[in-house]
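Here the protein sequences come in this chain order: A and B. Just so we're aligned: 1366 in our numbering is position 111 of the first sequence, and the numbers increase by one with no gaps anywhere. Just so we're aligned: 864 in our numbering is position 98 of the second sequence, and the numbers increase by one with no gaps anywhere. Notes follow once the structure below has been shown.
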Amino acid sequence: MVKYIKDRKPSEDNWTPYTGLEEADTLPPGDIYIPLEAWKERRQDLLTRNSRLGVILENTDDVLEIAKDLDRLDLVVLQFPKMTDGRAFTQARLLRERLGYEGEIRAVGDVLQDQVFYMQRCGFNAFELRDDQDVNSVLKAFDEMSVTYQGAADIDAPIWRR
Amino acid sequence: MYQYSQADHQLLLERVTQFRDQVGRRLKGDLSEEEFKNQRLRNGLYLQLHAYMLRVAVPYGLLSSEQMRTLAHIARRYDRGYGHFSTRQNIQYNWPKLEEVPEILDALAAVEMHAIQTSGNCIRNTTSDPLAGVARDEVADPRPYCELIRQWSTFHPEFNFLPRKFKIAVSGAIHDRAAVAVHDIGLRLVTNEADELGLEVYVGGGLGRTPMIGKLIRKFLPVHDMLTYLEAILRVYNQFGRRDNMYKARIKILVHETGEDEFRKQVEAEWENVKSSKLSLRDEDIEAISAHFKSPDYESLTDNDADFDNHLITNPEFAKWVDNNLELHKQPGYRIVYLSLKSPDQPPGDVTADQMDAIADLADKYSLGQIRSTHRQNLVLSDVKLTDLFDLWQELTVLGLATPNYNHLTDIISCPGMDYCALATARSIPIAQALTDRFENYDYVNDLGDISLNISGCINACGHHHVANIGILGVNKKGIEVYQLTLGGSAREDAAIGKILGPAFTGDEIVDAVGEVLEVYLENREDEEEDFLTTYRRIGQAPFKERLYG
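Listed below in structure tokens is the structure:
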């Protein structure tokens, strides 16, 4: 089972991913998140659905493509295919700072204790962990550093302008 | 010199605590080597051929005497009694033990030093002109801008996992002593017609397997926009830089493959979105940082001294050193002194703990307590009175730091090579030593004048051979170390990548080959004033090829 942290608390994940393998025209019940391509294809149909909606982006996707839909989206899932691939950091900042998105931004993939500090600064507020990861250590890591120099999604000014 | 704020201190303490925890988890086995690797590489800790190597940041090459004493202490207590200054003005220790690294970081933090972002795919320590603030050809002091970049780039949450490492250099003078053209981003302070201060922005320079000179992406960027513009460049790079092949991941490849104009368009478009953010610098932001780098209270002195002149006449050894290792200072009666780390007795860039302590004492006694490290792996005492030069020279001579070869043939840049490095395919230090032994004759070397010779022990080019007038690249060919010659490179304001001359030489042949190259230069130069590079550019490769392979 995947461990899940939201807003700095261990939480229960009620979202279901839409895989595209479902029967045509059928969708899982409840709150679902959908890959960008499928979202674009079935957008009209999905917008009227009676549930919360989310989108999962590849880290090469342009976040501006979902700009007009952000009011309807409660979740954007961003991916770290490897811990060394930092493209989703930029996606998260653009969502929060440029597009003003206030819903859940979730990090999935290689989400490691030593990275969540940077992730939260860029606007991530939810994290899927591997089953063997220690939730308490990860929770502590959010506060490992109290000093930040630059502005980001959490604070808009660099240290010399605060 | 920049004085740490409470926040700066706090950050170092927290970073040491965090790293101590990471080392602890590694030693217990809670962190895999792969996971730990990514953490230690964010803190300057490499695993080399024989041991760990710790690279300590020297922000823009500036050290206090107190910091130098701490570096000496670390060399003595945790290493084998020496350290190595790198081409990026940092210092490296080759033999630390993993379990002792947190202690080393404690010692560094006590004197406002660290190893943060000296490795890994993040923004590295910003480098600069070692003569910042004292050079006569200075347009503006680059150090405040370097410090602003240091703060902006330290633990930048968005740019800590870039496609590849990222190096920034800033120069504020007419002459480029910071090699800005071969950095991922090179900045040169310039003024416009209205006498406002701005920056030339070069992007995509670098050495390694695909050497490239940086492209001028913007001719004049007001200094107030420096950080927003850097943020825009880094954001474009983080999104679009290649991650499929580590040899094509540097920003130079992105600029090259995207095309200079299209890349510029992308940066400018992103910049439109961020240029009015709070990262935009106000006058008071720049002034507050600049206050840390105010000129010291120099004494009013005349620019000549009868005793000094007398020593010049009576002591030829002193005169040689004065000729080669001094630079004029913006303040009359002062000189800038290069301490050569290229003596015949030590590998290029190496300094012993005893030398470090002695240098710290000399800095206190003669040069306002500060030392600078240089891109060419030497040290500088930047504020020495003319009247103190003779005494200083005598002390440096005893220490083996007065070799009169600054910017001369034996002022060799060399990477550590196969004696230390896990990547190297050939030895470089022994070649540097063989060259130093062969060309020990002062008059010959002096006659050759201004010339650069750099050696790299593999194609990663840490020894900057591409941008040397004479470059040597060691490679391994079917189990044999062979050395390729490149000619015509430059790391200065006329930056150029050298061209390979022809088939490689063996380790035994390479020193003679360099000797032949020098002979061709001496035979062809128009007069003693014409330096090697000028002659080479005039006559081309042919006469050199003819001599070596004809």
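Every residue, glycine too, gets a C-beta built ideally from N, C-alpha and C.
In the three-state DSSP reduction, residue 1266 (chain B) falls in the strand class (E or B). Of all residues in the segment 1299-1330 of chain A, none is placed with a Cβ closer than 7 Å to any Cβ belonging to chain B. For the 8 Å CB-CB criterion, residue 932 (chain B) and residue 888 (chain B) form a contact. DSSP places residue 868 (chain B) inside the alpha helix (DSSP H), whose first and last residues are 867-876.
Here residue 1352 (chain A) has 1408 as same chain residues with Cβ atoms under 7 Å from its own Cβ, once five neighbours each way along the sequence are excluded. Remark: C-beta atoms of residue 1149 (chain B) and residue 1062 (chain B) approach each other more closely than 8 Å.
Chain A places a beta carbon closer than 8 Å to that of residue 1001 (chain B), counting this residue as a contact.
Distance from the CA atom of residue 1291 (chain A) to the CA atom of residue 1344 (chain A), rounded to whole angstroms, is 18 Å.
In the DSSP assignment, residue 1272 (chain B) forms a beta bridge with B:1248.
None of the residues of the segment 1188-1199 of chain B has a beta carbon lying less than 9 Å from any beta carbon of chain A. According to the DSSP assignment, residue 957 (chain B) belongs to the beta strand (DSSP E) that extends over 951-957. At a C-beta separation below 9 Å, residue 1051 (chain B) has these neighbours in chain A: 1413, 1415 and 1416. Here residue 1304 (chain A) is exposed, its C-beta having fewer than 16 other C-beta atoms within 10 Å.
Scanning the segment 796-829 of chain B from its first residue to its last, the whole beta strand (DSSP E) runs of 3-plus residues come out as 811-813 and 818-822.
Neighbourhood of residue 922 (chain B) in chain A, by CB distance below 7 Å: 1405, in chain order. Each residue's CA atom was taken as its position, placing residue 1406 (chain A) and residue 1261 (chain B) some 35 Å apart. Within chain A, no C-beta atom comes less than 9 Å from the C-beta of residue 1147 (chain B); the nearest is roughly 31 Å away. Minimum Cα-Cα distance from residue 787 (chain B) among the listed residues B:927, B:865, B:1119 and B:814 corresponds to B:865. Under DSSP, residue 780 (chain B) shares a beta bridge with no residue. The three-state reading of DSSP puts residue 1019 (chain B) in helix, counting H, G and I together. With respect to the 8 Å criterion, residue 1089 (chain B) and residue 1216 (chain B) are not classified as neighbours on the basis of their beta carbons. Bounds of any alpha helix (DSSP H) do not take in residue 889 (chain B), whose DSSP letter is neither H nor E.
A straight-line Cα-Cα distance of about 13 Å links residue 942 (chain B) and residue 966 (chain B). Using a Cβ-Cβ cut-off of 9 Å, residue 1340 (chain A) is close to 927, 929 and 1009 of chain B, given in chain order. By the Cβ test, the segment 1252-1259 of chain B is in contact with the segment 1228-1242 of chain B, since at least three Cβ pairs between them sit closer than 8 Å. Linking residue 1290 (chain B) to residue 1301 (chain B) through their CA atoms gives a straight-line distance of about 7 Å. Under the three-state reduction of DSSP, residue 1074 (chain B) is assigned to helix. Membership of residue 994 (chain B) in the alpha helix (DSSP H) is indicated by the continuous run 992-1006. Residue 1207 (chain B) counts as exposed, since fewer than 16 other C-beta atoms from the protein chains shown sit within 10 angstroms of its C-beta.
Taking CB atoms only, residue 1369 (chain A) has a neighbour in chain B less than 8 Å away. For residue 848 (chain B) against residue 1192 (chain B), the beta-carbon gap comes to about 22 Å, at or over 8 Å, which does not count as contact. Residue 1138 (chain B) is bridged by DSSP to B:828 and B:1146. Residue 1240 (chain B) and residue 1154 (chain B) have their C-alpha atoms roughly 42 Å apart. Between the segment 1099-1108 of chain B and the segment 1158-1174 of chain B, the count of Cβ pairs shorter than 8 Å is three or higher; the stretches touch. Under the DSSP definition of a beta bridge, residue 1361 (chain A) partners with A:1332 and A:1381. Against chain A, the beta carbon of residue 918 (chain B) has neighbours under 9 Å at 1404, 1405 and 1413, listed in chain order.
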